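Peer 1:
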Amino acid sequence: MDLKNLVAQAQEMQQRAHQVEEALLKITVTGTAGGGMVTVDADGKGNVKRVRLDAAVVNPADVEMLEDLITVATVDAQKKASEAAQRELRTLMGGLNLPFPL
Numbered sequence: 512m513d514l515k516n517l518v519a520q521a522q523e524m525q526q527r528a529h530q531v532e533e534a535l536l537k538i539t540v541t542g543t544a545g546g547g548m549v550t551v552d553a554d555g556k557g558n559v560k561r562v563r564l565d566a567a568v569v570n571p572a573d574v575e576m577l578e579d580l581i582t583v584a585t586v587d588a589q590k591k592a593s594e595a596a597q598r599e600l601r602t603l604m605g606g607l608n609l610p611f612p613l
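As numbered in the numbering used here, residues 512 to 613 make up the sequence shown, in order.
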């Protein structure tokens, strides 16, 4: 591979990486806990956008349980965001002839 081709591939990779970033911001994933009583929506980068709570889980006498459910739902949403990001990256970068695997 000559230097000119390497530079061209680097520029194409940079352009595709920007496309991946934009695509991830448009993706919405949802994490859940407590059988869906707590849901967390996040973008494809894992940034939390919304938290929804079923009134049945809001118990002032058991705040710790609610905190745990929110944490579990958030982790679930972030895991799904990470999986979506990997899929998006493989899709957009798949056409490049890279000297290393993604």
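Don't be surprised by glycine CBs; every beta carbon is placed ideally from N, CA and C.
All of these numbers come straight from a predicted model, not from anything done at the bench.
Measuring CA to CA, which of His529, Leu535, Gln526 and Gln530 is closest to Ser593?
Peer 2: The residue given as residue 593 occupies position 82 in the sequence shown. Comparing Cα positions, the closest option is Leu535.
Peer 1: Start and end of the alpha helix (DSSP H) containing Val569?
Peer 2: Counted from its first residue, the sequence shown places residue 569 at position 58. Premise fails: Val569 is in no alpha helix (DSSP H) and is neither H nor E.
Peer 1: With a 10 Å radius around its C-beta and 16 neighbouring C-beta atoms as the bar for buried, classify Lys591 as buried or exposed.
Peer 2: On the sequence shown, position 80 is the one that residue 591 refers to. Residue burial annotation: Lys591 is buried, with at least 16 other C-beta atoms found within 10 angstroms of its C-beta.
Peer 1: My guess is that Val531 and Leu580 are in contact by the Cβ rule of under 8 Å, so how many angstroms apart are they, rounded?
Peer 2: Reading the sequence shown from its first residue, position 20 is the one you call residue 531. Reading the sequence shown from its first residue, position 69 is the one you call residue 580. In fact, because the Cβ distance is near 31 Å, the residues do not count as touching under 8 Å.
Peer 1: Would you please state the rounded distance, in angstroms, between the beta carbons of Thr543 and Asp513? I believe it to be under 8 Å.
Peer 2: The residue you call residue 543 lines up with position 32 of the sequence shown. The residue you call residue 513 lines up with position 2 of the sequence shown. Incorrect: roughly 51 Å between the Cβ atoms, too far for contact.
Peer 1: Could you tell me the alpha carbon to alpha carbon distance between Ala584 and Lys537, rounded to whole angstroms?
Peer 2: Taking the sequence shown and counting its residues from 1, the one referred to as residue 584 is at position 73. Taking the sequence shown and counting its residues from 1, the one referred to as residue 537 is at position 26. So the alpha carbons of these two residues sit roughly 20 Å apart.
Peer 1: Whose CA, out of Lys556, Ala519 and Asn516, lies closest to the CA of Arg598?
Peer 2: Reading the sequence shown from its first residue, position 87 is the one you call residue 598. Nearest option by C-alpha distance: Lys556.
Peer 1: If you draw a straight line from the alpha carbon of Val574 to that of Asn516, how long is it in whole angstroms?
Peer 2: Your numbering for residue 574 matches position 63 in the sequence shown. Your numbering for residue 516 matches position 5 in the sequence shown. Spanning the two alpha carbons is a distance of roughly 59 Å.
Peer 1: Give the DSSP bridge partners of Asp513, in chain order.
Peer 2: Counting from one through the sequence shown, the residue named residue 513 turns up at place 2. None, per the DSSP bridge assignment.
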